[in-house]
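Working notes for the structure below.
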Amino acid sequence: MGLDDAYIGTVRRPAGRLGAMFQEPRLLPWMTVGDNLRLVRPEADYDPAPALAAVGLAGTAGLLPGALSLGMARRAALARALAVDPTLLVLDEPFASLDPQTSRSLRALIADRATTHGTTVLFSTHEIDHAVACADRLLVLDGAPATLAADMTLPRDDAAAREAARARLCAAFPFLAPLASADASA
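Here's what the structure looks like:
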């Protein structure tokens, strides 16, 4: 039972493995960065170094989370989510607090994981540019309570179509436009 009793239902565990990254990194502060990854991969021979290197954190396995910047902690949380080799990867604002170059490299990492491993990725963002850059399918929620305001499929390899979709979304939903950067690839 959840905190809100106005809703009822059943939660079924997915058949595959779930990787999740929350808005806050949620690293256990008393465990090293490497041990935070080992928490989801308890086999004795698991080496977190490759997962950390993939997110630009080579050499940080022995550090405590308190020694990391917020951006580094977010990347460590992403490495932990990917460490389980998920079939479903759920990410909440995964690129917040990251510089544009790091954001681009992590989007590429996630896209590669989806392509090469068949991972389904569901992520929420307030950044229209991130959504348009990453999504095969994009849902826009609006109102209170939130309702589905738009549902569009985006072609993976057609940058012009993606930019046109971005422009249509910003025109249809003015609340998105101030969040859209001048550089849609950021």
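Whatever position you read off the sequence shown (first residue = 1), add 155 for this note's numbering. Where a beta carbon is used, it is the ideal one built from N, C-alpha and C, also for glycine.
Check	Outcome
Pairwise C-alpha distance: Ser252 and Gly226	5 Å
Whole-angstrom distance between Ser224 and Glu179, CA atom to CA atom	12 Å
Sequence ranges, alpha helix (DSSP H) only - wholly within the region 251-282, length at least 4	255-272
From Ala332, Ala231, Thr165 and Trp185, residue whose alpha carbon lies closest to that of Pro203	Ala231
Residues bridged to Gly174 [DSSP beta-bridge criterion]	Leu244
Selection from Leu183, Thr308, Asn191 and Ala288 that minimises the alpha carbon distance to Val239	Asn191
Limits of the alpha helix (DSSP H) - the one that Arg317 falls within	Ala314 to Ala327
Ala290 beta carbon less than 8 Å from that of Leu296	no
DSSP-derived helix/strand/coil call for Arg292	strand
Three-state secondary structure (DSSP) of Leu223	coil
With 16 other Cβ atoms within 10 Å as the buried cut-off, status of Ala216	buried
Reduced DSSP secondary structure (H/G/I, E/B, other) of Ala209	helix
Proximal residues to Asp312 (C-beta, below 7 Å), its chain only, five neighbours per side dropped	none
Proximity to Pro184 [Cα-Cα], best of Asp284, Ala208 and Leu219	Leu219
Presumed contact (8 Å Cβ cut-off) between Pro241 and Leu173, rounded CB distance	6 Å
Residue burial classification, His281 (beta-carbon count within 10 angstroms, cutoff 16)	exposed
Coil, strand or helix - Leu192 by DSSP	helix
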